[in-house]
Amino acid sequence: MKITKYLIASFIALSITACSSEDEEIITGEGKVTLEFDNSYLTSDLLLSTASYSANESEEIKISDVKYIVSNIRLENEEGEVFTYPKEDSYFIVSETDTDSQFISLSNIPAADYTKITFGIGVDQEKYLEGATGQGDFLTLAQDAGMMWSWQAGYKFFVFEGLYTSDVTTTETAFAFHMGSHGSSVDNYKEVTLSLTNSARVRTNSTPEIHVVADLANILSGTTTFLLDDAAQIHVDAVKSPQIATNVNGMFVVDHVHN
Numbered sequence: 005m006k007i008t009k010y011l012i013a014s015f016i017a018l019s020i021t022a023c024s025s026e027d028e029e030i031i032t033g034e035g036k037v038t039l040e041f042d043n044s045y046l047t048s049d050l051l052l053s054t055a056s057y058s059a060n061e062s063e064e065i066k067i068s069d070v071k072y073i074v075s076n077i078r079l080e081n082e083e084g085e086v087f088t089y090p091k092e093d094s095y096f097i098v099s100e101t102d103t104d105s106q107f108i109s110l111s112n113i114p115a116a117d118y119t120k121i122t123f124g125i126g127v128d129q130e131k132y133l134e135g136a137t138g139q140g141d142f143l144t145l146a147q148d149a150g151m152m153w154s155w156q157a158g159y160k161f162f163v164f165e166g167l168y169t170s171d172v173t174t175t176e177t178a179f180a181f182h183m184g185s186h187g188s189s190v191d192n193y194k195e196v197t198l199s200l201t202n203s204a205r206v207r208t209n210s211t212p213e214i215h216v217v218a219d220l221a222n223i224l225s226g227t228t229t230f231l232l233d234d235a236a237q238i239h240v241d242a243v244k245s246p247q248i249a250t251n252v253n254g255m256f257v258v259d260h261v262h263n
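Counting from 5, one number per residue, gives the positions in the sequence shown under my numbering.
Spelled out as structure tokens, the structure:
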């Protein structure tokens with residue numbers, strides 16, 4: 005009788021162990037991640053050239069062009085381990101007029117559950133100081149996209165253009181904010197770190213999509229407030245460009261993650 009009880013107990017223990025082993029996922033291999041960059045204005049989807057948006061005080065704007073450079077992407081998993089995407093492949097231009105550019109596909113990502121993402125806006129000094137030949141194909145891509153002033157002046161990290169009116173400026177008037185580092189003299193490259201709303205579960209057979217929303221209202225109403233009546237054209241400016249860079253840095257949030 006005791007032997008029977010011991011056999012039953014052993015069978016139950018083995019069954020529990022087997023079930024636990026089957027339930028525990030072994031994460032190996034590599035997979036892909038897709039980053040979607042979705043531009044908005046406050047709670048509204050961004051519509052180029054047609055929709056009017058309220059800016060500061062009495063100013064109304066119509067946005068005609070938005071572009072920015074995303075670079076140096078890193079993913080942090082739930083154990084705090086960081087995967088850095090290969091630097092030579094980690095420079096992208098996101099344009100509101102090019103839907104395909106708003107989806108960045110990353111491959112050969114170690115399988116894991118990722119909880120944070122970091123990326124730069126612009127081109128870091130390390131890359132820039134490699135010289136024109138060190139930029140590879142990205143230099144041509146940036147030139148074709150209008151994301152450079154010149155090689156000496158450097159890249160445009162962020163382009164924000166359109167028309168505005170106000171109580172003072174009643175006729176639609178062009179505005180343009182072009183922000184970037186000024187060669188090696190003023191470094192406006194900044195990085196953004198965002199916590200994910202839920203883990204991005206990278207697997208060999210599963211590609212999560214991280215949906216990042218950029219609220220462009222933050223450009224004029226972020227840490228620094230800009231009135232277009234005061235300065236509608238800001239390009240190479242040692243004081244205002246760093247302020248724009250800070251506002252750009254604060255416009256990104258992770259809206260959700262699709263697994």
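The beta-carbon is built from N, C-alpha and C at its ideal position, and this holds for glycine as well. Owing to the predicted nature of the structure, the values given are computational and were not obtained by experimental measurement.
Item: Would DSSP call Ile223 helix, strand or coil?; Value: helix
Item: Counting only the same chain and skipping the five closest in sequence on each side, list residues whose C-beta sits under 6 Å from that of Glu176.; Value: Leu167 and Thr169
Item: Please confirm if the segment 203-215 is in contact with the segment 127-135, defined as three or more CB-CB distances below 8 Å between the two stretches.; Value: no
Item: Taking only the alpha-carbon atoms, compute the straight-line gap between Asp264 and Ile31 and give it to the nearest angstrom.; Value: Outside the displayed range of the chain (5 to 263) lies residue 264, so it cannot be described from this structure.
Item: Under the three-state reduction of DSSP, which class applies to Ala249: helix, strand or coil?; Value: helix
Item: Whose C-beta lies closer than 8 Å to the C-beta of Thr250 among residues of the same chain, with five residues either side of it excluded?; Value: Lys194, Gly226, Thr227 and Thr228
Item: Using 10 angstroms around the beta-carbon of Val37, count the other beta-carbons present and answer buried if the total reaches 16, otherwise exposed.; Value: buried
Item: Is Gln264 helix, strand or coil when you go by DSSP?; Value: Because the chain spans 5 through 263 in this model, residue 264 falls outside it and cannot be assessed.
Item: Going by C-alpha distance, which of Tyr89, Tyr57 and Leu110 is nearest Glu40?; Value: Leu110
Item: Report yes if the C-beta distance between Val190 and Ala242 is below 7 Å; otherwise report no.; Value: yes
Item: Between which residues of its own chain and Val252 is the CB-CB distance below 6 Å, once the five residues before and five after are set aside?; Value: Ile125 and Phe162
Item: For a minimum of 3 consecutive residues, which ranges assigned as the beta strand (DSSP E) are wholly contained in the segment 192-244?; Value: 194-206 and 213-219
Item: For the beta strand (DSSP E) holding Lys36, just list the boundary residues, first then last.; Value: Glu34 to Tyr45
Item: Determine the extent of the alpha helix (DSSP H) in which Lys131 is found, giving its start and end residues.; Value: Gln129 to Tyr132
Item: Kindly list the residues whose CB is nearer than 6 Å to the CB of Phe256, restricted to its own chain and excluding five residues on each side of it in sequence; keep chain order.; Value: Val196, Val216 and Ala218
Item: Around the C-beta of Ala136, are 16 or more other C-beta atoms found within 10 angstroms, so that it is buried, or is it exposed?; Value: exposed
Item: For Ala116, report the span of its alpha helix (DSSP H) as first-last.; Value: Ala116 -> not in any alpha helix (DSSP H); beta strand (DSSP E) instead, spanning Ala116 to Ile125.
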